[in-house]
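In the numbering used here, the protein residues as written are 404 to 618. Where a beta carbon is used, it is the ideal one built from N, C-alpha and C, also for glycine. The structure presented is a predicted model; accordingly, all values stated were derived computationally and were not measured. Read through the structure below, which is laid out as structure tokens, and then see the notes.
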């Protein structure tokens, strides 16, 4: 009896029907996944940015007074490119930035050029307001000292973090971020003075433009 049922046309028909339904279901699942992924990535694309950097000591009232008396003392600039991968109200935004800035230590002034690679998670609120946070890698290209015979820097690599708020209107964005290095920059002095450690921190005001994607 069982053998007859296993070879009956009814079982063959139902088995073929089940296979077709599985294929249709798998096709619909793939189509739905592709549609959802495409929709979630709407607005993703490349862009470029630039702006000003202010190197701060962490003593903000003192820094505010210095801005008023010597507005160009610790001000630098940055330019670069980015790619923003959107997924609804959250985006991943790696950037490649060239930065030039300067700051003052107890032994003199330091000017530097470096390449920054921040990788930020950006959360959007009320359509136009965004909060960004993430790590930032640094590679120092060049450092110039007001007293070059007195000290020199060591490891050019650095790691820090950035966080800030921004406003986006269409492809144009304006954001203000705070950045702090996690590892200390060590400046080797002469044999008598030893070493001085310094953690850079800066306020970054940037204007960005995202290239509209082709539809």
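In this structure, DSSP gives residue 613 an extended state, which the three-state scheme calls strand. Going by DSSP, residue 525 is part of the beta strand (DSSP E) stretching over 511-528. The C-beta separation of residue 495 from residue 513 comes to about 33 Å, leaving the pair out of contact by the 8 Å criterion. About 16 Å separates the beta carbons of residue 487 and residue 453, which is beyond the 8 Å limit, so they are not a contact pair. When only Cα atoms are considered, residue 520 and residue 483 end up about 10 Å apart.
DSSP, read as helix, strand or coil, puts residue 493 in strand.
Contact check for residue 610 against residue 586 fails: the beta carbons are separated by 8 Å or more.
The distance from the Cβ of residue 575 to that of residue 529 is about 17 Å, inconsistent with a contact at the 8 Å cut-off.
With a 10 Å radius around the Cβ and a threshold of 16 neighbouring Cβ atoms, residue 560 comes out exposed. Here the alpha carbon of residue 485 sits roughly 14 Å from the alpha carbon of residue 535. Per the DSSP secondary-structure output, residue 538 pairs in a beta bridge with 564.
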